[in-house]
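Below is one structure, written out as C-alpha cells; the observations come after it.
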Amino acid sequence: MVKSTIIARVADGLPLAASMDDEQAESELAGYKSQAKAIFKKLNAQSETRCSIESGPYYLHYLLDQGVCYLCICDKQFPRKLAFSYLDELSREFYMSYGGEVEKPSLRPYAFIKFDTFIQKTRRIYEDSRTQQNLTKLNEDLRDVTQIMTKNMEDLLWRGGSLDRMSSLSDRLRDESEKYRKDSKRLRLQALITKYGIVAIFAVILFLVFYVVLRIF
Amino acid sequence: QGGFFVPGAGQAPMSQAQVPSNAPGHAAPGYLAAPPMSMAPQPGYPAQQVDGLTQQLSQMGLGQGQQEYQNAVLSGRPPIAALDEAPPATRLPAGTVCVPSPHALCPPHVKRSTLNAIPRTDKLLKKTKLPFGLLITPFKEPEAGEAPVPVAPDIVRCRRCRTYINPCAQFVDGGRRWRCNMCNLHNDVPMSFDFDLVSREPKNRWERPDLSCSVVDYIAPVEYMARPPMPPVYVFIIDVSYASVQIGAPGVIAQTILSSLDRIPNVDGRTKIAFIAVDAALHFFQVRPGSAEPQQLVVSDFEDVFLPSPTDLLLNLSECREGIESLLSRFEGMFQTNHSVGNALCPAIQAARKMLGNLGGKIIALQASPPTVGEGKVELRPEGKDLGTPRESDLLRPQNSWYKTLAADCTRAQVAFDVVSIGQQPMEMATVACLARYTGGSVFHYPSFMAARKPEVDRFMYELSNHLAANIGLEAVLRLRASKGLRMAAYYGNFFLRSLDLLSLPSVTPNHCYAVDVEVEETLTAPVVYFQAALLHTTSYGERRIRVATLAVPTTENIHTVFHHADQVAIASLLSKKAVDRALAAKLEDAREALQHKTLEIIGAFKTECTQSSSGATTQLQLPRSLQLLPQLVLACLKHTSLRSGNNIPVAARMAAMNLVLTLPPELGVQPYIAARLYALHELPEQAGYSDAQTGMTVLPPRLGLSAEVLAPHGIYLLHSGHDSFLWFGRNARPDLCHALLNAQDVSTIPNGVISFPDLSGGADTPAQGFELNFRVGRIMRHLSELCYGLWKPVTFVAKEDGEPVIRLMLQQRLVEDMDTSAPSYQQFLSQLRDKINRGSF
C-alpha cells in the first residue's frame with residue numbers, strides 16, 4: 001500500500017504538499033523521506049518523467065508533470081501499475097486545483113498542504129490492491145509500465161556519483177592519451193634526426209662531392 | 001550603494017519616539033544630531049563610548065528624573081486608582097532603534113520586564129531586593145481594531161548568536177553590515193534588503209517590518225520543519241458516567257461542541273475531530289465517509305488498550321460534518337439513562353494517544369468524576385479535615401507520577417491537554433491537572449454547573465466555545481535570548497522545559513503568559529540590554545511561522561533609578577506566579593511566607609538605600625511612587641483563592657485558581673483576577689456607561705478601594721473580578737434604582753444568588769424608558785469582559801447586605817483591604833511590616 005506521498009516543485013525542490021502520516025509510519029519512513037528530498041534535489045526538467053526507485057523494503061515511484069513532481073513511497077508488493085495510476089490521479093487533481101499557482105516565486109513551503117485531504121481520500125481507494133475497482137485498473141492496459149525505468153536507490157545516490165567520477169576520469173584519460181600520442185610522434189622524429197642526421201648530411205655531402213667530381217671528370 | 005542607504009539621512013535612523021517628553025531641551029539637540037553609527041560601541045574604544053553614553057543618558061533620560069522622583073508614604077488607604085495607570089515608560093537613549101516607528105518598542109502586553117531600568121551588576125540587583133524577570137505573552141491575539149502582526153519577507157539572523165534582526169540592530173560600514181545588538185558581531189546585510197530579487201527593483205530597506213516593528217512573524221522555510229505542518233486535531237473525552245449524567249453535563253457539552261463546529265479553526269478543511277465517551281468503558285464513535293450514521297464501538301478491556309477500528313475514528317470535520325452533527329445531536333439521548341459509575345479516563349487517554357499517533361493534537365478531557373479505572377487511577381483523598389492545616393499542601397501534590405510521565409511523553413508527540421472539570425464531585429484535580437500543566441494546556445473549573453442553571457450553562461458554553469474557536473498554535477517551541485551577561489534562571493507557566501532556554505509547547509493557547517526569572521551574571525556594560533523571544537509554531541491554517549518579539553531595556557548604576565522604574569503590576573504578577581509554583585512544589589505556608597518576606601525586604605531595602613532615615617525607627621513606611629501599590633497587591637495575592645489560608649477552599653477550586661495565576665498575563669492576572677474592580681452604581685458620573693466621544697470606548701466610573709467601609713447602606717455596587725461579578729445591594733438601596741437596574745420593585749424583591757444580568761433595553765443602542773441604569777451597567781459589564789480578552793463570561797451574583805451569607809462571604813473575600821480570618825487588613829499588614837523593619841528583622 002501507499003505509505004507516504006510528497007508533492008514538490010521540480011525547479012527548486014520546494015515541497016508543495018504532503019500526506020500527514022498518522023501511523024507509526026512517520027518514524028519508520030523518516031530515512032526514506034530524506035531520500036525523497038535528495039531525489040527532488042537531483043531532478044530537473046530533463047529527468048526521466050516516470051521512474052521507480054528501489055530502496056530497502058520500499059519502492060519510491062515518482063511522476064513529473066507540468067513542473068511538479070509527485071512521489072509516493074510504497075511497499076514492494078504494491079503493484080507498480082496501481083502506484084502510477086494513483087500518482088496520475090493526484091497529478092490531474094492537483095493541476096486542476098493549483099496548476100496556475102505552482103510557479104509563483106514567493107511560494108511558502110507546503111503552500112498547498114490542504115491537498116492532503118484529497119491525498120488521504122485517494123490513498124484509501126488504492127489501499128487494498130485486491131478490491132474490484134483496483135483489479136479492473138490493474139487489468140486495464142492503462143500504460144505500459146514495463147517501459148518505466150527502474151533504478152536502485154544506492155545507484156542513484158552513491159554509485160551515481162562514482163559513475164560520474166568514472167566517466168570524467170575516462171574522458172580525461174582519452175584527452176591525455178591523445179596528447180601523449182602527439183608528443184611521442186614528435187619525440188620519435190627528434191630522436192631519428194639526432195641519430196641519423198649527421199650521417200645523412202655526410203652522405204649527402206659525399207654524394208654531392210662524388211657527383212661534382214664525376215661531372216668534372 | 002549610496003542610492004539605497006544614506007546613513008543618518010533624514011528618513012530613517014534618528015529621533016526616537018520614546019525620548020521622554022520632558023527631557024531638558026538643551027541636552028537633546030546635540031544628541032540627536034549624532035549619526036546612528038557612532039552609537040555603536042566601536043571595537044577600538046568601547047569603554048569611553050559607553051561612559052559618554054551613560055553620561056548623556058543620565059543627563060537626559062534616566063537620571064534627570066532624580067529630583068522629580070517621588071516617594072509615596074504608605075499610610076491610609078492604598079491609592080487603588082494607580083492600578084489603571086500605564087506601566088512606567090522605558091526611557092531608552094535616542095538612537096537605540098534604527099527606524100522611527102511607533103511599533104519599534106515592544107508593547108507591554110507582549111513582553112514586560114519587572115524592572116524598566118536594569119541594574120548593571122548583580123550586587124546592585126541584590127541590594128534592591130526587587131525580583132527581576134520577564135513576563136512574556138508571545139502568542140497575544142490582536143484585539144479587535146488592532147492590526148495583525150506584520151509578516152517579514154525573509155529571515156535574517158546573526159551568524160554567531162542566531163538572534164533575529166530587529167529594530168534595535170544598527171547598520172555599520174555605510175549600511176553594508178549590521179551589528180547584532182545581542183553579541184555585537186558584524187553581519188553582512190543580505191542583498192534582498194535593498195533589491196527585490198523577484199521584481200528586480202530597488203527596495204527601501206526601512207520599509208521592512210522586521211526593522212520597524214518589535215513583534216513580527218516570519219514564514220519559516222523548509223529548514224525549520226521536521227515534517228509537513230500538522231492540521232488542528234481535537235479529541236474530546238467526555239465523561240458520561242452517572243455523576244456526569246446527573247448534572248446533565250453530556251447534553252450541554254454535546255450542544256456546545258455542536259454549536260462551535262463552525263468556529264473551530266478549519267481554514268483549509270484539514271481539521272480532524274474525534275469523540276470518546278467514558279464511563280466504566282470506552283465508547284468510540286465511528287463515522288464512515290459519506291455516511292450520516294455514527295456507529296458506537298464499546299471497549300471495556302483495559303489490559304492493553306486498543307482501538308476498535310483502525311480508521312474513521314478520527315474524523316475530518318468538513319467531510320464527516322453530517323455524521324458529526326448527527327452524533328452530537330443524539331449524544332445526550334444515548335447516555336441519558338446511563339447508571340454506570342466509574343471513569344476510565346486513563347485508558348481513554350491512552351486510546352486517544354494511539355489515535356493521534358505521531359500526528360499530534362489536542363485532547364480535551366471534560367470530566368465530572370475522578371479517574372477510577374485503569375493504569376493511572378487515583379484514590380479519592382478525603383479533604384474535609386485536612387483543609388487549612390499543613391497537611392493541605394500534600395493534597396495539592398499529585399498522587400502518582402503517571403500523569404506527569406504521560407504529559408512528558410505527549411509533549412514529544414505534540415499532544416496537548418485541556419482539563420475541564422465540571423460539577424462538585426472532588427476530581428483529584430491536583431493529579432489530573434498535571435496533564436495541562438506540562439503540555440501547555442488550560443484548566444477550567446465549573447463547580448456549580450447544573451444543566452438546569454441557565455447562567456452557569458451560558459457561561460460554560462461561552463467559555464468552552466471561545467476556547468475551541470481560538471486560533472491556537474501547534475507543535476511550537478519558544479526560545480528566549482538575552483544580551484550577554486544575563487541568564488534565564490527559572491520559568492513559570494504551563495509548558496514543558498526542554499532545555500534552559502527552550503520551552504516546548506505542543507499547543508500554544510493565545511494570551512497564555514510565561515514568566516521567567518532573570519539573573520545578572522556578569523557586569524553589564526552596554527547602556528541598553530535586549531531580550532528576544534522566538535516562538536516557532538504552526539498556525540491553525542497550516543503555516544509554519546516564527547513570531548519574534550524583541551524588548552529593549554536600559555541599564556543603570558543608580559539604585560534610585562532602579563526603584564523608580566520598577567513596574568509594580570509586573571512584579572506582583574511575577575511574585576504571584578513564583579508563590580504558586582512554590583506552593584505546588586513545597587508548602588502553601590512557605591509560599592505565603594516568602595511572599596510577605598519579599599515585600600518586607602523590598603521596603604526595607606528602599607528605606608536603607610534611598611531615604612534619609614536609612615537607619616533607626618520610622619513611623620511611616622515609604623516606597624517609590626512606582627511601587628506604592630505593592631503591599632496592597634501582595635496582600636491581595638495572599639487573600640486570593642490560590643494562596644489563601646483557611647479551611648473553606650476545596651482542592652479543585654484552588655488548583656484551578658493556581659493554574660489561572662500561572663497562565664494569565666499580568667494585565668489580567670493582577671487586576672481584575674487578583675485585585676478586583678469595585679464601582680458604585682448609585683452615583684455613576686454622567687458619562688459613565690456611555691461611549692467616549694473620542695475613543696468610542698465605554699467610559700468606566702471611578703474605581704473604589706476594596707474595603708467594606710466604602711459600601712454605603714443606600715448604595716448599589718458592582719464588583720468585577722473577571723471570572724465572577726457581584727452586584728451588592730445595601731439595606732436601604734433606593735427602590736427607583738433597583739427598578740432601573742433589574743426591574744424590581746425594591747431591594748427585597750430581588751432574588752438572592754446567581755442571576756443572568758437582564759438586558760431590559762432589548763439589545764437596542766439606546767436605553768429603554770426608565771431602564772437607563774440597566775443599560776449603562778450592562779455596557780460597563782460588557783466592557784469589563786472585553787478588557788479580559790473575552791476569556792470569561794462572568795456569572796453575576798446578587799449579594800444583599802442582609803441576604804445569603806455564603807454569597808456575602810464570597811464577596812467579602814474579594815474585599816482585600818479588610819481583615820478576615822486568613823490575613824490581616826491593609827492597615828494591620830502595614831503596621832506588621834513597619835514593626836519588623838523597625839526591629840531590623842529583614
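Protein chains in written order, with the UniProt record's numbering: chain A, 1 to 217; chain G, 1 to 842. We put the beta carbon where it would ideally sit given N, CA and C, even for glycine.
- Can you give me, in chain order, the residues of the stretch 532-553 of chain G that have a beta carbon less than 8 Å from any beta carbon in chain A? If you check each beta-carbon in the stretch 532-553 of chain G against every beta-carbon of chain A, the ones closer than 8 Å belong to Gly542, Glu543, Arg544.
- Is any beta-carbon of chain A found at less than 8 Å from that of Pro229 (chain G)? yes
- Item | Cutoff 6 Å; reference Gln350 (chain G); Cβ partners in own chain excluding five residues on either side | Excluding residues within five positions, the ones whose Cβ falls inside 6 Å are Val305.
- Using three-state DSSP, classify Asn316 (chain G) as helix, strand or coil. strand
- Task: Would you list the residues sitting across from Trp728 (chain G) in a DSSP beta bridge?
- Result: Beta-bridge pairing links Trp728 (chain G) to G:Tyr717, G:Ala799.
- Message: What would DSSP say about Ser97 (chain A), mapped onto helix, strand or coil?
- Response: Here Ser97 (chain A) sits in helix by DSSP.
- Message: Please report the distance separating the alpha-carbon of Ser725 (chain G) from that of Phe797 (chain G).
- Response: 6 Å
- With 16 as the cutoff for other CB atoms within 10 Å, does Thr96 (chain A) come out buried or exposed? Note that residue 96 (chain A) corresponds to Met in the displayed sequence, not to Thr. When all chains shown are included, Met96 (chain A) counts as exposed.
- Message: With DSSP as the reference, identify every bridge partner of Gln481 (chain G), one or two as the case may be.
- Response: Sequence inspection shows Arg at residue 481 (chain G); the Gln mentioned does not correspond to that position. BP columns for Arg481 (chain G) point to G:Gln532.
- Task: For the stretch 192-221 of chain G, enumerate the residues whose C-beta is nearer than 7 Å to any C-beta of chain A, in chain order.
- Result: Val198, Ile219, Pro221
- Message: 8 Å is my cut-off, CB to CB: does Arg270 (chain G) come that close to chain A?
- Response: Under the Cβ distance rule, Arg270 (chain G) counts among the residues neighbouring chain A, one pair being separated by less than 8 Å.
- Message: My assumption, with CB atoms under 8 Å, is that Leu741 (chain G) sits in contact with Trp728 (chain G). Please give the rounded CB distance.
- Response: The C-beta separation of Leu741 (chain G) from Trp728 (chain G) comes to about 12 Å, leaving the pair out of contact by the 8 Å criterion.
- Query: For the alpha helix (DSSP H) that Lys121 (chain A) lies in, which residues bound it at each end?
  - Reply: 116-126
- Task: Would you be able to state if there are at least three C-beta pairs under 8 Å between the stretch 549-561 of chain G and the stretch 106-114 of chain G?
- Result: yes
- Message: Counting beta carbon pairs with one atom in the stretch 428-447 of chain G and one in the stretch 223-240 of chain G, are three or more of them shorter than 8 Å?
- Response: no
- Item | Leu760 (chain G), buried or exposed, once every other Cβ within 10 Å from all chains shown has been counted against 16 | buried
- What residues in its chain sit with their C-beta under 8 Å from that of Ala451 (chain G), if we drop five residues either side in the sequence? If you ignore the 5 residues before and after Ala451 (chain G), its C-beta comes within less than 8 Å of the C-beta of Ile247, Gly248, Ala249, Gly251, Val252, Val457, all in its own chain and listed in chain order.
- Message: Do Ile602 (chain G) and Leu125 (chain G) count as a contact pair if the criterion is CB distance below 8 Å?
- Response: no
- Message: For the alpha helix (DSSP H) containing Pro209 (chain G), name the first residue and the last one.
- Response: 209-212
- Compare the C-beta of Met20 (chain A) with all C-beta atoms of chain G and state if any pair is closer than 8 Å. yes
- Message: Output needed for Met461 (chain G): all residues of its chain with C-beta closer than 8 Å, excluding positions within five of it in sequence on either side, in chain order.
- Response: Val252, Gln255, Thr256, Ser259
- Looking at Phe335 (chain G) and Val240 (chain G), is the spacing between their C-beta atoms short of 8 Å? Their beta carbons are under 8 Å apart, which means Val240 (chain G) touches Phe335 (chain G) by this criterion.
- Leaving out the 5 sequence neighbours to the left and right, which residues in its chain are closer than 6 Å to Asp217 (chain G) when beta-carbon positions are compared? Within its own chain, the residues whose Cβ lies closer than 6 Å to the Cβ of Asp217 (chain G), once the five positions on either side in sequence are excluded, are Val149, Val151, Arg545, Arg547, listed in chain order.
- Task: Run down chain G in chain order and give the residues with a C-beta less than 9 Å from the C-beta of residue 219 (chain A).
- Result: Because chain A spans 1 through 217 in this model, residue 219 (chain A) falls outside it and cannot be assessed.
- Pro510 (chain G) and Asn471 (chain G) closer than 8 Å at C-beta: yes
- Message: For Ala764 (chain G) and Ile649 (chain G), what's the separation of their Cα atoms in angstroms?
- Response: Answer to the nearest angstrom: the Cα atoms are 41 Å apart.
- Item | C-alpha gap between Ile363 (chain G) and Ser168 (chain A), whole angstroms | C-alpha of Ile363 (chain G) to C-alpha of Ser168 (chain A): approximately 58 Å in a straight line.
- Message: Less than 8 Å between CB atoms is the rule here; does Asn316 (chain G) satisfy it with respect to chain A?
- Response: True, the Cβ-Cβ gap to chain A drops below 8 Å.
- Message: With distance defined between alpha-carbon atoms, name the residue in G:Pro119, G:Arg77, G:Ala94, G:Ala280 nearest to Thr523 (chain G).
- Response: G:Pro119
- Task: Alpha carbon to alpha carbon, how far is Ala83 (chain A) from Cys69 (chain A)? Give it in angstroms, no decimals.
- Result: 14 Å
- Query: Apart from the five residues just before and just after Lys800 (chain G), which ones in its own chain have a Cβ nearer than 6 Å to its Cβ?
  - Reply: Cβ neighbours of Lys800 (chain G) beyond the five flanking positions: Phe729.
- Query: Who are the neighbours of Met225 (chain G) on chain A, taking C-beta pairs under 8 Å?
  - Reply: Neighbours of Met225 (chain G) on chain A, chain order: Pro109, Tyr110.
- Query: Taking the C-alpha atoms as reference points, what is the distance between Asn316 (chain G) and Thr117 (chain A)?
  - Reply: Straight-line spacing of the CA atoms in Asn316 (chain G) and Thr117 (chain A) works out to 8 Å.
- Task: Could you tell me the boundaries of the alpha helix (DSSP H) in which Asn838 (chain G) lies?
- Result: 826-839
- Message: For a minimum of 3 consecutive residues, which ranges assigned as the beta strand (DSSP E) are wholly contained in the stretch 722-794 of chain G?
- Response: 724-729, 753-755
- Message: Going residue by residue through the stretch 295-373 of chain G, where are the continuous beta strand (DSSP E) segments of at least 3 residues, counting only ones entirely within it?
- Response: 295-299, 361-367
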